[in-house]
Structures are given as structure tokens and as C-alpha cells.
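If you read the sequence shown in our numbering, its first letter stands for residue 208, the second for the next number, and so on.
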Amino acid sequence: MQVLAIRTSSLEEKATACNMIVCYIDELKEGFFPYVKEVTDLMVPLLKFYFHEDVRRAAVSALPQLLRSAQDAAEKGVSGASKEFTTQMVTFMWDPLIAALRKEPETDLAASMLDSLAEIVNLCEPGQLSSQQVESSFATFGSILQAAEVRRSQRSKVGG
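Next comes the structure, spelled out in C-alpha cells:
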């Protein structure tokens, strides 16, 4: 028999660190751009960090802010920032966010993922999302709505 021990204090520290990064992005805006790629590379895998919900929540809220930082930097002519870079960011984060949404067990966190997806869509320029990305997203949204409807009917049967 194997024993698995998880140090919850380390998980709390990781969640706090991720939340602090989100605060930095929010405060620094385009000033955070030099760190956008590195932080995006760190946050996207955390979308499936199932050991701690707050780590996933921070990663979810960071993604649209990272994209906004890159877009603001491109608009202000910051070196290295461009529409091509933001398109690469959208491509890099979109499919993992959709995949995480499909598997997310916490409904409130799934709602946050939908909010982040909406923010990303609002930030995107025409053509930054491929038709394949849009189609797979709508398929995911449909399955989420179907699951919600099943839960609602089960609740009404129990309560009714």
C-alpha cells in the first residue's frame, strides 16, 4: 500500500503566489508585458491543477488579463508586442481552457472559466479564433448546458 501525502501549506502558498501574479498583471497592465509569455506558459498548465481549486481559479482569471496586457503593450508600441504575438497567445491558451472547462468538477469555477472565455472573445480581433476553435467551443458549451439541464431535472424530481 502506498501513502500519498500532500502538504496543504505548499498548495496554499502556490495559490497565494498565483493570486499575487494576477494582482500584478491587473495593476501593471502593459508594464507586465516583459513577463507575459513566461507567466502564460506557467498558468496554462495550472488550469488542470486538480489538487487545489484556488490555483485553477487564479490561472483562469490570469489568462484574459495576460492577453489584455499584451494587447495594450502592442497598442503602445512596446518592443516585442504585436498582433501576431497576441494571436499566438490566444491559440496557446484557448484549447487548454476549453479542455479544462470540459473536465472542471466545480460548477462555480466552470462559471469563472466561461467568464474568462467571454473576456478573451471580447479581446480578440476578427480572425484570431479559428472556425475549428469556435466550433469545438460551442460543442463544449452545448454539453455543459445539457449536463446543467440534467442536474436541474434531477433536483426538481427530488424537490417536487
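For each residue, glycine too, the CB sits at the ideal point set by N, CA and C.
Residue environment, residue i, which counts as buried when at least 16 other CB atoms sit within 10 Å
{"i": "T293", "result": "buried"}
{"i": "R358", "result": "exposed"}
{"i": "F239", "result": "buried"}
{"i": "M208", "result": "exposed"}
{"i": "S268", "result": "buried"}
{"i": "V365", "result": "exposed"}
Delimiting residues of the alpha helix (DSSP H) encompassing residue i
{"i": "V267", "result": "E260 to E282"}
{"i": "Q209", "result": "Careful: Q209 lies outside any alpha helix (DSSP H) and carries neither H nor E."}
{"i": "A307", "result": "K290 to K310"}
{"i": "K255", "result": "That residue, K255, is in no alpha helix (DSSP H); it is neither H nor E in DSSP."}
Length of the line joining the Cα atoms of residue i and residue j
{"i": "E245", "j": "K290", "result": "18 Å"}
{"i": "E237", "j": "I228", "result": "14 Å"}
{"i": "A265", "j": "G334", "result": "27 Å"}
{"i": "S323", "j": "C225", "result": "16 Å"}
{"i": "R214", "j": "S338", "result": "43 Å"}
{"i": "E219", "j": "C331", "result": "33 Å"}
{"i": "G349", "j": "D248", "result": "29 Å"}
{"i": "V262", "j": "A222", "result": "5 Å"}
{"i": "I327", "j": "A212", "result": "37 Å"}
{"i": "V341", "j": "Q353", "result": "18 Å"}
{"i": "D302", "j": "K255", "result": "12 Å"}
{"i": "M300", "j": "V285", "result": "22 Å"}
{"i": "S185", "j": "A355", "result": "It is not possible to answer for residue 185, since the shown part of the chain is limited to 208 through 367."}
{"i": "I305", "j": "S276", "result": "21 Å"}
{"i": "T347", "j": "P241", "result": "33 Å"}
Presumed contact (8 Å Cβ cut-off) between residue i and residue j, rounded CB distance
{"i": "L274", "j": "I232", "result": "Going by Cβ atoms, the distance from L274 to I232 rounds to 10 Å, so no, they are not a contact pair."}
{"i": "M320", "j": "L308", "result": "5 Å"}
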